[in-house]
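Input: a single structure, listed below in structure tokens.
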Amino acid sequence: KAPSPHCPHCLNMNETMSHLLLDCPSYCCDRHALVVTLGQKATSLPFLLSSPLATQPLI
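Residue numbers for the sequence shown follow the UniProt record's numbering, beginning at 1 and rising by one.
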């Protein structure tokens, strides 16, 4: 378990799955790679968490 619920990269932001995958500036390049691979649907948290197509690119 993390010592704090806050994102280590962002001030006062909780480190939620949504923040990590869709918003955290530290992962901007990774998000861009997902959009290149999966298209605009890579900006949808439900898609990223439920689609088999997203599993490998997220790893």
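The beta-carbon is built from N, C-alpha and C at its ideal position, and this holds for glycine as well. Just so it is clear, the structure is predicted and the values come from calculations on it, not from any experiment.
Mapping DSSP to helix, strand and coil, what is residue i?
{"i": "His9", "result": "coil"}
For residue i and residue j, I'd like the C-alpha separation in whole angstroms.
{"i": "Leu34", "j": "Pro46", "result": "14 Å"}
{"i": "Cys24", "j": "Ser44", "result": "15 Å"}
{"i": "His32", "j": "Cys7", "result": "20 Å"}
{"i": "Leu48", "j": "Cys29", "result": "16 Å"}
{"i": "Pro5", "j": "Asn14", "result": "5 Å"}
{"i": "Ser50", "j": "Lys41", "result": "12 Å"}
Taking all protein chains shown into account, do 16 or more other C-beta atoms lie within 10 angstroms of the C-beta of residue i, making it buried, or fewer, making it exposed?
{"i": "Ala2", "result": "exposed"}
{"i": "Leu11", "result": "exposed"}
Could you tell me whether the Cβ atoms of residue i and residue j are closer together than 7 Å?
{"i": "Pro52", "j": "Thr37", "result": "no"}
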